[in-house]
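Chemist: When you read off a place in the sequence shown, starting at 1, and then add 168, the result is the number in the working numbering. For glycine and all other residues, C-beta sits at the position ideal for the given N, C-alpha and C.
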Amino acid sequence: METHVFSIILAAGEGTRMRSKKPKVLHQICGCPIIEYVVRAACEVSDDLPVVVVGHKSEEIKQYLGERVRYAYQPQPLGTGHAVMMAKSVLKDAAGYVVILAGDVPLIRGSTLQQMVQHAVLGGYGAVVLSAVVDDPTGYGRIIRNERGDLERIVEHKDATEEQQQIKEINSSVYCFDTQLLFSCLDKLDNRNSQGEYYLTDVIEIMRRQGAKVGVLMAQDADEVLGINNRIQLAEVDRKMRLRINKAHMEKGVTIVDPEHTYIGPDVVIGCDTVIYPGNVLEGNTAIGEDCVLYPNNRIVNSTIGNGVQLQASVILDSCIGDATTVGPYAYLRPGSVIGSGVRIGDFVEIKNSIVGDGTKVSHLTYVGDAEVGKDVNVGCGVVFVNYDGVKKHKTVVEDKAFIGCNVNLVAPVRVGQQAYIAAGSTITEDVPAKALAIARERQINKEGWVERRQQKMQDAQSHK
Ligand code: UD1
Ligand code: CA
């Protein structure tokens, strides 16, 4: 296609129906802000950076989107038509087509936008509106067609007659316009309607009266046009996006036991033959290998998991896990944990900013912080890597094949040499040489007959009363 394509995303509205302190388009579905999905779809069709019209809480939206888009500012939410007028200064010299999207319609696909542009270009349309037929059209603008079935105009729900309200074909708020024709028609908009707003939808009738060709493209998948205006719709669209994402993984060979209750973000990658049980939440740039089993209720954020890993009811943040390692139940891997292959991280183990080598076992009730733990190390139950002196964090090194007994404190900075043993209950404050045994606790004293002697004492005291 020779034509240059621009895009505008409208996101200046107040989103009052959300009843939120946060701008509507920054509410999340599947772990990403609503507007993220719209920007990505726009980028698939747009030859230039999309222009986002911001107004209400604009700083928060700009902070999130950054330099990936250009901005236009609408000081007051005077309507969707007025919002597009605000983008005129940015696109004043733009020749070609412009795709307009609402920031609150995240299920829209880039391929649908491409179809719209193609339809507009091939048919010589001044405007193409994306419509859909929905069961409940309440609140949406209705597509009014003439007796030949051609698009006449769009009537907003609040301005529609009872008869028009029966129409189930709705305006999606996604359009493809001839850019300069659009800008010239915007000047002719007025706000004489029930909401006192400048409606972008009125441009259709203005164009048609001017003799331009206006048309409708009906979405094959009506879900694509669902807008989010309140929290109920937020939950509905979230569910649809969730199922869309989960289906794509299933098609690529991932078993998702219950797709309704598995929460996977749009950028997560999962290998073939991995099985995912309900209650898993996978977020951000997470990559899961092949043949893994994610038993119920893990939360994994921005982490890389190898092949054949088994995870159970654990939280894994900004970390890396090697092949054939098992984690959980109830393990907490905090940012910066790099876990090797064939490792066992057991129940109630917390690891922070630490490297754990291949084949090492940290099986129960242990805290590992700011440490470098070698290969084939055995960390007993209830070990604490004491990394904080109240002011600074310090590092602990445990070399390969060391054996740390149960209930040991390793007070950092400290180093435990290769194959060294540490006796259970020791508080280690000094380095342990390779192959040594360190015992750092009081020697045991057994006081023979102590109980009887005490009983005798108590009896004596009683009889002297
Ligand atoms: C709009 C359409 C309606 C369509 C529906 C689809 C108009 C007049 N109506 O109605 O035909 O069926 O979307 O979801 O266009 N916005 C601004 N500035 C404003 C007003 C709105 O930027 O002054 C933005 C909002 O932030 C939002 C988008 O435009 O992202 C749509 O606005 P909204 O108020 O949700 O319009 P609807 O009433 O849903
Ligand atoms: Ca809307």
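Tell me whether VAL273, by its Cβ, gets closer than 7 angstroms to a heavy atom of ligand 1.
Modeler: Within the sequence shown, residue 273 is the residue found at index 105, counting from 1. Answer for VAL273: yes, Cβ within range of ligand 1.
Chemist: Do you know how far the Cα of ALA180 is from the Cα of ARG244?
Modeler: Translated into positions along the sequence shown, residue 244 becomes position 76. Translated into positions along the sequence shown, residue 180 becomes position 12. Sequence check: residue 244 is Gln here, not Arg. Between GLN244 and ALA180, the C-alpha separation is close to 8 angstroms.
Chemist: Classify CYS440 as buried or exposed, calling it buried when 16 or more other Cβ atoms lie within 10 Å of its own Cβ.
Modeler: The sequence position of residue 440 within the sequence shown is 272, counting from 1. Exposed: under 16 other Cβ atoms inside 10 Å.
Chemist: Have a look at ALA147 and ALA570 and give me their C-alpha separation to the nearest angstrom.
Modeler: Residue 147 is absent from the model: the chain starts at 169 and stops at 633.
Chemist: Distance check for ALA380 and GLN286, CA to CA, integer angstroms please.
Modeler: Taking the first residue of the sequence shown as 1, we reach residue 286 at position 118. Taking the first residue of the sequence shown as 1, we reach residue 380 at position 212. Near 17 angstroms, if we compare the C-alpha coordinates of ALA380 and GLN286.
Chemist: Mind listing, in chain order, the continuous alpha helix (DSSP H) runs of no fewer than 4 residues lying wholly within the stretch 200-273?
Modeler: 202-213, 226-233 and 248-254
Chemist: So, using beta-carbon positions, are ARG321 and GLU373 closer together than 8 angstroms?
Modeler: On the sequence shown, residue 321 is found 153 positions in, with the first residue counted as 1. On the sequence shown, residue 373 is found 205 positions in, with the first residue counted as 1. Yes, the pair counts as a contact, with Cβ atoms nearer than the cut-off.
Chemist: Using 8 angstroms as the threshold, is the C-beta distance between LEU269 and SER175 below it?
Modeler: Sequence index remark: in the sequence shown, residue 269 carries index 101 (1-based). Sequence index remark: in the sequence shown, residue 175 carries index 7 (1-based). In contact: LEU269 and SER175 (Cβ atoms closer than 8 angstroms).
Chemist: Using the DSSP secondary-structure output, state which residues sit across from LEU578 in a beta bridge.
Modeler: Here the question's residue 578 lines up with position 410 in the sequence shown. DSSP lists PHE553 and ILE596 as the bridge partner or partners of LEU578.
Chemist: Would you call the stretch 532-545 and the stretch 505-522 touching, i.e. three or more CB-CB distances under 8 angstroms?
Modeler: yes
Chemist: On the three-pair Cβ rule with 8 angstroms, is the stretch 329-346 touching the stretch 416-423?
Modeler: no
Chemist: Kindly identify the DSSP beta-bridge partner or partners of ARG313.
Modeler: In the sequence shown, residue 313 corresponds to position 145, counting from 1. The partner list for ARG313 (beta bridge, DSSP) reads LEU319.
Chemist: Please state whether the Cβ-Cβ distance between VAL530 and ARG502 is less than 8 angstroms.
Modeler: Numbered from its first residue, the sequence shown carries residue 530 at position 362. Numbered from its first residue, the sequence shown carries residue 502 at position 334. No; because the gap between Cβ atoms is not below 8 angstroms, this pair is not in contact.
Chemist: At what residues does the beta strand (DSSP E) containing ALA641 begin and finish?
Modeler: The question about residue 641 has no answer, for the chain in this structure spans 169 to 633.
Chemist: Considering only the alpha carbon of each residue, which of TYR498, VAL297 and VAL443 lies closest to GLN282?
Modeler: Mapped onto the sequence shown, residue 282 falls at position 114. With distances taken between Cα atoms, GLN282 lies closest to VAL297.
Chemist: Is ASN359 near ligand 1, in the sense that its beta carbon is under 7 angstroms from a heavy atom of that ligand?
Modeler: Taking the first residue of the sequence shown as position 1, residue 359 is located at position 191. No, since every heavy atom of ligand 1 falls outside the 7 angstroms radius drawn around the Cβ of ASN359.
Chemist: Which runs of the beta strand (DSSP E), 3 residues or longer, sit entirely within the stretch 440-504?
Modeler: 449-451, 467-469 and 483-485
Chemist: What I want to know is whether the C-beta of ALA179 ends up closer than 7 angstroms to one or more non-hydrogen atoms of ligand 1.
Modeler: One-based indexing of the sequence shown puts residue 179 at position 11. Yes; taking the cut-off as 7 angstroms, the Cβ of ALA179 has a heavy atom of ligand 1 nearer than that.
Chemist: Determine, using beta-carbon pairs with one atom in the stretch 577-593 and one in the stretch 549-559, whether at least three such pairs fall under 8 angstroms.
Modeler: yes
Chemist: Answer yes or no: do THR369 and VAL266 have a C-beta to C-beta separation smaller than 8 angstroms?
Modeler: Your numbering for residue 369 matches position 201 in the sequence shown. Your numbering for residue 266 matches position 98 in the sequence shown. With respect to the 8 angstroms criterion, THR369 and VAL266 are not classified as neighbours on the basis of their beta carbons.
Chemist: From the DSSP output, in three-state form, read off LEU357 for me.
Modeler: As a position in the sequence shown, residue 357 is number 189, starting the count at 1. Three-state result, LEU357: coil.
Chemist: Please report the distance separating the alpha-carbon of GLU392 from that of CYS549.
Modeler: Numbered from its first residue, the sequence shown carries residue 392 at position 224. Numbered from its first residue, the sequence shown carries residue 549 at position 381. For GLU392 and CYS549, the distance between alpha carbons rounds to 52 angstroms.
Chemist: Taking all protein chains shown into account, decide if GLN363 is buried (16 or more other Cβ within 10 angstroms of its Cβ) or exposed.
Modeler: Locating residue 363 in the sequence shown gives position 195, where the first residue counts as 1. Exposed is the call here.
Chemist: Considering only heavy atoms of ligand 1, does any lie closer than 7 angstroms to the CB of THR248?
Modeler: Looking up residue 248 in the sequence shown gives position 80. Because some heavy atom of ligand 1 lies under 7 angstroms away, the Cβ of THR248 counts as near it: yes.
Chemist: Determine the extent of the alpha helix (DSSP H) in which LYS415 is found, giving its start and end residues.
Modeler: Residue numbering aside, residue 415 sits at position 247 when the sequence shown is read from its first letter. Note, LYS415: alpha helix (DSSP H), 399-419.
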